[in-house]
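Below is one structure, written out as structure tokens; the observations come after it.
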Amino acid sequence: MLSLAACSDDDKTEAGAATPTSAAAIAPSAVPSSAPVLDPESNPDAGGNQAAGVADKELCTATNTAGEAMKKAIVTLMSANSGTIAPADAKAILADFNKQVTTALGSVVTSKVAVSAKAVADEAAKAAAAADPITAAAEPSFEKAGTDFTAACKAAGVAVNF
1 MLSLAACSDD
11 DKTEAGAATP
21 TSAAAIAPSA
31 VPSSAPVLDP
41 ESNPDAGGNQ
51 AAGVADKELC
61 TATNTAGEAM
71 KKAIVTLMSA
81 NSGTIAPADA
91 KAILADFNKQ
101 VTTALGSVVT
111 SKVAVSAKAV
121 ADEAAKAAAA
131 ADPITAAAEP
141 SFEKAGTDFT
151 AACKAAGVAV
161 NF
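According to UniProt numbering, the sequence shown is numbered sequentially starting from 1.
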């Protein structure tokens, strides 16, 4: 999880600004609900056709947006709490990330991008369910899922910072 937080360049706060100290204080959802939902009817993800490529690009963008929001929430909480984050807050942030990616996936799960995005969402859910979500999110399997997602998006023509 610390590696996720370290990727953000949003670790600066304005002087005099109140800094949230819990996940609930950041926002009702740490990840914007405006992430696109991929509809398999309008964006069929099969056969390598143009619509599948569009769906992959949308999924890369939606997952990257969710990841950036997750990192920002973690950095904000860690900055406000002397470098620590309460397990309940980490669980809430990871669960929200999982929800946003799962929503963006819809039922599209056949491309490399979709499979890797689902793997990242699954790792986030696994970490959120752990007694120590920070340690669970630092597992090599989470890092591998992120690396695989980044590679799949790069192959689809989308640069992500995951």
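The beta-carbon is built from N, C-alpha and C at its ideal position, and this holds for glycine as well.
query: So, at 6 Å on beta carbons, what are the nonlocal neighbours of residue 84 in its own chain, with the 5 sequence-adjacent residues on each side left out?; result: none
query: How long is the line joining the alpha carbons of residue 117 and residue 149, rounded to whole angstroms?; result: 6 Å
query: Please determine if the stretch 99 to 106 and the stretch 58 to 69 are in contact, where contact requires at least 3 C-beta pairs separated by less than 8 Å.; result: yes
query: How about residue 128 and residue 94: are their beta carbons less than 8 Å apart?; result: yes
query: So residue 156 and residue 56 are in contact, right, with Cβ under 8 Å, and what is the actual spacing, rounded?; result: 4 Å
query: How would you call residue 82, buried or exposed, if buried means at least 16 neighbouring beta carbons within 10 angstroms?; result: exposed
query: Using 8 Å for Cβ pairs, my map puts residue 120 next to residue 145. What's the rounded Cβ distance?; result: 5 Å
query: Measure the alpha-carbon distance for residue 79 versus residue 73 and round it to whole angstroms.; result: 10 Å
query: Give the straight-line distance between the Cα atoms of residue 66 and residue 113, rounded to the nearest whole angstrom.; result: 15 Å
query: Could you tell me if residue 89 is buried or exposed, where buried requires 16 or more neighbouring beta carbons within 10 angstroms of its beta carbon?; result: buried
query: Could you check where the alpha helix (DSSP H) with residue 96 kicks off and where it finishes?; result: 87 to 105
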